[in-house]
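K.L.:
Let me begin by handing over the structure; questions about it come next.
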Amino acid sequence: MTSTTPSTGSTSRAPVRRLGDRLFAGTSRGAGILIVLILAGVAGFLIVQAAPAFTAPRADVPGGHGVVAYIAPLLFGTALAAVLALLIATPLAVGVALFITQFAPRRLAQGLGYLVDLLAAIPSIVYGFWGIAWLAPRLTPFYAWLADHLGFIPLFAGPASVTGKTMFTVGLVLGVMILPIVSAISREVFLQVPSLHREAALALGATRWEMIRMAVLPYGRSGIIGGAMLGLGRALGETLAVAIVLSASGGIVTFNLISPDNPSTIASNIALQFPESTGIGVNTLVASGLALFVLTLAVNVLARAIVNRRSQFSGAN
Amino acid sequence: MSQTSAPQAPAAPSPPPTSVQPRPRLPRWATAAAFAGAAVVAVLLGVLTALNLVTFVLYTAVVGTLALWAVSRRVEGRRKAKDRLVTSLVLGAFAVTLVPLLSLVYEVVRRGVARLDGEFFNSSMVGIIGPGGGAYHAILGTLIITGLTVVMSVPIGLLTAVYLVEYGTGRLKRAITFLVDVMTGIPSIVAGLFAYALFAIFFGPGVRLGIAGAVALSVLMIPVMVRSAEEVLKLVPNELREAAYALGVPKWRTIVKVVIPTAIAGLGTSVTLAIARVIGETAPLLVTVGITNATNLDPFDGRMATLPVFAYYQLTQPGVPPEFGIDRAWTAALVLIMLVMGLNLLARLISHFFAPKTGR
Amino acid sequence: MSRGPELKLSTKSRVVPVTMALAGTIALAACGASNESGNAGAGGGNSSAPQLSGSLNGAGSTAQTAAMQGWSAGFSAVQPKVTVNYDAVGSGAGRTQFLAGGVAFAGSDSPLSDDEVTQAKTRCGTDGVFELPNYISAIAVVYNLPGVDKLSLKPDTIAKIFAGSIKKWNDPAIAADNSGAKLPDTAIAPVHRSDKSGTTKNFTDYLSKAAPSAWTKASADTWPFTSGEAANGTSGVVNAVKNGTGTIGYADESQAKGLGIADIGVGSTFVAPSPAAAAKVVESSQVMPGRGKYDFAYTINRTTTSADEYPIVLVSYHIGCVQNKDKTTADILKSFEGYVISPDGQQAAAKAAGSAPITDAVRAKSQTAVDAITAGA
Chain G
1033 MTSTTPSTGS TSRAPVRRLG DRLFAGTSRG AGILIVLILA GVAGFLIVQA APAFTAPRAD
1093 VPGGHGVVAY IAPLLFGTAL AAVLALLIAT PLAVGVALFI TQFAPRRLAQ GLGYLVDLLA
1153 AIPSIVYGFW GIAWLAPRLT PFYAWLADHL GFIPLFAGPA SVTGKTMFTV GLVLGVMILP
1213 IVSAISREVF LQVPSLHREA ALALGATRWE MIRMAVLPYG RSGIIGGAML GLGRALGETL
1273 AVAIVLSASG GIVTFNLISP DNPSTIASNI ALQFPESTGI GVNTLVASGL ALFVLTLAVN
1333 VLARAIVNRR SQFSGAN
Chain Y
129 MSQTSAPQAP AAPSPPPTSV QPRPRLPRWA TAAAFAGAAV VAVLLGVLTA LNLVTFVLYT
189 AVVGTLALWA VSRRVEGRRK AKDRLVTSLV LGAFAVTLVP LLSLVYEVVR RGVARLDGEF
249 FNSSMVGIIG PGGGAYHAIL GTLIITGLTV VMSVPIGLLT AVYLVEYGTG RLKRAITFLV
309 DVMTGIPSIV AGLFAYALFA IFFGPGVRLG IAGAVALSVL MIPVMVRSAE EVLKLVPNEL
369 REAAYALGVP KWRTIVKVVI PTAIAGLGTS VTLAIARVIG ETAPLLVTVG ITNATNLDPF
429 DGRMATLPVF AYYQLTQPGV PPEFGIDRAW TAALVLIMLV MGLNLLARLI SHFFAPKTGR
Chain H
300 MSRGPELKLS TKSRVVPVTM ALAGTIALAA CGASNESGNA GAGGGNSSAP QLSGSLNGAG
360 STAQTAAMQG WSAGFSAVQP KVTVNYDAVG SGAGRTQFLA GGVAFAGSDS PLSDDEVTQA
420 KTRCGTDGVF ELPNYISAIA VVYNLPGVDK LSLKPDTIAK IFAGSIKKWN DPAIAADNSG
480 AKLPDTAIAP VHRSDKSGTT KNFTDYLSKA APSAWTKASA DTWPFTSGEA ANGTSGVVNA
540 VKNGTGTIGY ADESQAKGLG IADIGVGSTF VAPSPAAAAK VVESSQVMPG RGKYDFAYTI
600 NRTTTSADEY PIVLVSYHIG CVQNKDKTTA DILKSFEGYV ISPDGQQAAA KAAGSAPITD
660 AVRAKSQTAV DAITAGA
């Protein structure tokens, strides 16, 4: 083991290619290529369906000012909601994962881990039900208070919504929704931290926090980012939970989080507008779907870049 | 461990060697005492402002944490104090997280239990106006469509992950990684439209098939499956693979017998998460599978009912008077959660029986 | 190495959970839906019509969902062997699917556009389509303002409230409509539909015709302003109005239970929404000229001055081919539409969806279209 480590890459390729190996490698590569084909199908569908919206006269597009003017506020709303959700969820999720893996008594940890997995599995439409029926009404006094006392901050400029169907509520709902996902993946990764790393840190006299900082977090970083990106992807694309909760009006760009006038998100806008849309309207909505696609893509590429920079901590590099 | 095993960060600044005596430690009851004191302070603070349960808990947590930190810093030193602070923060994060999640479960159970009766499970919506009726057709529809989705997605997703981690090299690997990322960005409703357009080519416009819904859900599930399975497979230590190769085990057998079993618990979580991602999807099923009042168990013939679509319609189109529809919607949401819980439990059992015993 | 994975696995133990899962599914599937068995013979006594069998597929308006429940339940007593499926995909999608030949009829909150009428000619042949105003629902202006139980609003006032130019409940304009009422100094929070909907289209159509000076926007199925509370669907609007204070919104009258309902200024009086008044205004409306013989698309009389008519109504149509290629489809369609416009059918919808039963005059016109449905060519 020690002598061959410099060239790990070459040792993992066996010199003799057996039939089983070729079959297995072929199938798994086939699966990968199938993904490429599916994606080509979806992308083709999106582009073909979106194209008429770009060539149509600007006045025919919903809103009357062209595709770009229609999509830009939606893109902004989508990003705002997802970033809010991520800001709320990630620190808490990492905290929860740390608690379960590093702090909780071992017997309790398994039960808690199961609890978190379970919450990750709650369907998103249920979060929408909960957001509108439980959360939003409870937040309205809080919004009124924010608008009265912190109104000088543009985020809380108000006027406060009387129904609680605000961007802030959506951020919370999405944050709560993705929290278990981020946490489940972080937990899984924290559990994989080699005991040697942890024991070495403790043996050097580190406190538990120092051990976490030196051994657990660096090892788990790629997993945390991966989990956060999975969560972000879900927050960006969430459709009906947002459609149920958000009081959205088209064409607004505002950072005001607590007022009733909010930009919509792309996915929820599609769900709300699609059924009654025809002709160019449909094409425009598909074009907005294309924009969401590109946005998520950009986010993922960025995340990949960050993760890859730290990939020396992976077990299978 | 390989060459990177030792943490690179400089060893923690050890206390100067002049004193051999360990720093004094706070007694075990210190934490309890700090928070009990904080509770008293919180009540006092509460008398000044408006006291309710929320502010009381909030004050207690903040004051207790700060007090413990201050005392610990004085007695035990900076490092130990920081450790205690982080412990409190982590515990706090956990507690804060539980509030919305438990309230969610509580709310769904409270509202859903009203119609959680036998009729809900053994009747469909044929000829139902007003009270009564059930989601028998929708429960089975969801099980069938999700089952088909899993059958299609898990092998493709898992094999792709295996390819990316074990076989993939060069351009194709990079391309697939990239495209899987792209795929996670497909909005669910677009996946539904895609599946609808695909099936409309073969079956004509207006087609509604369970299998089309399963295809739409697969488009959503595959990338999630690949991403999380990839993450998990990567964590299998190279030593295990190398040991197997050294014994002359072929690569594919190493993957099937060593890598996947080692990662099976994580893969179980991946599958569960991926199912959770799709089982509650409403929008794509709306356009591909539609809704029906009658029971249809054949995914290759006509409309089927599914739980999320059922819940969505019962909530948004409850009929007159609306109470009965809304009750059915919440019960459907509750059943959906119970279903997912059951699947989750199943995944746990599977990974429990499959997973090799490890040291942790 | 700290981790020593044991790789020997017992095959027996894996089988258990899988078997359990399978057994559970099969057990559930085996018991069947209790309300579906024995349905077939239930309505056999009605022997006046020939017994048909088969299925009829429709798609379209979400507003008709509940009514369709009532119709398909009631129709199963007339024709027990026929299944009527209806996908509430939305009016636009419903019309598109119908024109593409995917479904036998569409449910739509607005009549076909001129363009679509032309397309329908290629779909249905020279006889074209029938459009029947089968579902009429009064749209109530609902509000939640503690202490104010009765509210009357003129069209101009409603327009100004929803356009955002009247901001407080004690505004002089509102006070002028409600002499003697005690109005609080609460901010008004108008709630509109966030989804594209026929309800919004009919409501804005009403405002643009009844209050042209205060409402300068054209009728549209998306809300034309960017301010105000927005909520998804009728139930969303009702929920938002209920949860807020000082809120006002528009929703189907049948769903507005528990909320304040405003009386609307018609002529010189104020009229409360009711099924009878809603059906009456359709009777007094004009059928759009220059379309097919059986095309009963109405231009609703929004500016009526008659005190027993309520002008804010949603009319949702059934659109189908007069001549159908398939004999079975034609027979079922004819039988179904005949049932829907019958007093029984309209009563079933009223019970299931709270809609307004069509008046006899409207039924007489629709009946000519139903009688004309044939198979052939």
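Residue numbers (the numbering used here), protein chains in the order written: chain G, 1033 to 1349; chain Y, 129 to 488; chain H, 300 to 676.
For each residue, glycine too, the CB sits at the ideal point set by N, CA and C.
1) Contact between the stretch 1303 to 1313 of chain G and the stretch 1219 to 1228 of chain G: three or more CB pairs below 8 Å?
2) Does G:A1238 come out as helix, strand or coil in the three-state DSSP assignment?
3) Mark G:V1333 as exposed unless 16 or more other C-beta atoms lie within 10 angstroms of its C-beta, in which case mark it buried.
4) On the DSSP bridge assignment, give the partners of H:S407 in chain order.
5) Measure the Cβ-Cβ separation of H:G532 and Y:T444 and say whether it is below 8 Å.
6) Measuring straight from C-alpha to C-alpha, what distance separates H:S407 and H:G357?
7) For Y:L443, go through chain H and note every residue whose CB falls closer than 7 Å to its CB, in chain order.
8) DSSP puts Y:H480 in a beta bridge; with which residues?
9) So which residues of chain G does H:W522 contact, with C-beta pairs closer than 9 Å?
10) What residues in its chain sit with their C-beta under 6 Å from that of H:A577, if we drop five residues either side in the sequence?
11) What residues in its chain sit with their C-beta under 7 Å from that of G:A1179, if we drop five residues either side in the sequence?
12) Since I believe G:A1129 is in contact with G:S1215 (beta carbons under 8 Å), could you give me their beta-carbon distance rounded to a whole number of angstroms?
13) Would you call the stretch 233 to 252 of chain Y in contact with the stretch 190 to 202 of chain Y, where contact means no fewer than 3 C-beta pairs closer than 8 Å?
14) I'd like to check one pair, Y:T382 with Y:L471: are the Cβ atoms closer than 8 Å?
15) Closer than 8 Å, CB to CB, is G:V1285 near chain Y or not?
16) Can you pull the DSSP bridge partners for H:L431?
17) Chain Y partners of H:N433, CB-CB under 7 Å?
18) Taking the C-alpha atoms as reference points, what is the distance between G:L1116 and G:F1108?
19) Suppose the cutoff is 6 Å on Cβ atoms and the five residues either side in sequence are ignored; what does the same chain contact list for G:G1092 look like?
20) Excluding the five sequence neighbours on either side, which residues of its own chain have a C-beta within less than 6 Å of the C-beta of H:G303, listed in chain order?
21) Spatial neighbours of H:N338 within its chain, please: C-beta separation below 8 Å, excluding the five flanking residues on both sides.
22) Decide if H:G675 is buried, meaning its Cβ has at least 16 other Cβ atoms within 10 Å, or exposed.
23) Given that G:F1135 touches chain Y, what residues does it touch there, using C-beta distances under 9 Å?
24) Please list the partners that H:G369 has in chain Y, where partner means a Cβ-to-Cβ separation under 7 Å.
25) My output table needs one value for G:L1249: the three-state DSSP class, helix, strand or coil.
26) Between G:S1193 and chain H, is the shortest Cβ-Cβ distance under 8 Å, so that the two count as touching?
27) Distance check for Y:G408 and H:A399, CA to CA, integer angstroms please.
28) Does the CB of G:F1174 have a neighbour CB from chain Y at under 8 Å?
29) In the DSSP assignment, the beta strand (DSSP E) including H:V565 goes from what residue to what residue?
30) Taking H:T546 as part of the alpha helix (DSSP H), name the residues at either end of that continuous run.
31) Could one say the Cβ of H:A480 lies closer than 8 Å to chain G's Cβ atoms, at least one of them?
32) Can the beta-carbon of Y:A289 be found less than 8 Å from the beta-carbon of Y:E370?
33) What residue from G:P1295, G:R1170, G:R1139 has the CA that sits closest to G:S1281's CA?
34) Flag Y:A344 as yes if its beta-carbon sits less than 8 Å from any beta-carbon of chain G, otherwise no.
35) Given a threshold of 16 other Cβ atoms within 10 Å of its Cβ, counted over all protein chains shown, does G:A1337 qualify as buried or as exposed?
36) H:E528 lies in the beta strand (DSSP E); which residues open and close that run?
P.N.:
Taking the structure as given:
1) no
2) coil
3) G:V1333 counts as exposed, since fewer than 16 other C-beta atoms from the protein chains shown sit within 10 angstroms of its C-beta.
4) H:Y616
5) yes
6) 11 Å
7) S534
8) Paired residues: none, contrary to the question.
9) For the C-beta of H:W522, the chain G residues within less than 9 Å are, from N- to C-terminus, S1281, G1282.
10) I435, A437, Y609, V612, A655
11) F1188, G1190, P1191, A1192, I1290
12) For a cut-off of 8 Å, the C-beta gap from G:S1215 to G:A1129 is around 5 Å, short enough to register as a contact.
13) no
14) no
15) No, G:V1285 does not count as interfacial toward chain Y.
16) In the DSSP assignment, H:L431 forms a beta bridge with H:H617.
17) Chain Y residues near H:N433: none, gap ~17 Å exceeds 7 Å.
18) 12 Å
19) Going by the sequence as given, residue 1092 of chain G is Asp instead of Gly. Taken in chain order, the residues that qualify are I1312.
20) Bear in mind that a pLDDT of 40 at H:G303, under 50, signals an unreliable position, so the number given afterwards is only what the model happens to contain. Same-chain partners within the cutoff: there are none.
21) With a pLDDT of only 44 at H:N338, under 50, the local geometry of the prediction cannot be trusted, and the value read off the model is given with reservation. Once the five neighbours on either side are set aside, the close Cβ partners of H:N338 are S375, P379.
22) Around the C-beta of H:G675, fewer than 16 other C-beta atoms lie within 10 Å, and the residue is accordingly described as exposed.
23) One finds T215, V218, L219, F222 in chain Y with Cβ atoms closer than 9 Å to the Cβ of G:F1135, taken in chain order.
24) I257
25) helix
26) yes
27) 30 Å
28) no
29) Counting along the chain, H:V565 sits inside the beta strand (DSSP E) bounded by residues 562 to 565.
30) Not the alpha helix (DSSP H): H:T546 falls in the beta strand (DSSP E), residues 546 to 551.
31) no
32) no
33) For G:S1281, the closest C-alpha among the options G:P1295, G:R1170, G:R1139 is that of G:P1295.
34) Closer than 8 Å to the CB of Y:A344 there is not a single CB belonging to chain G.
35) exposed
36) 528 to 530
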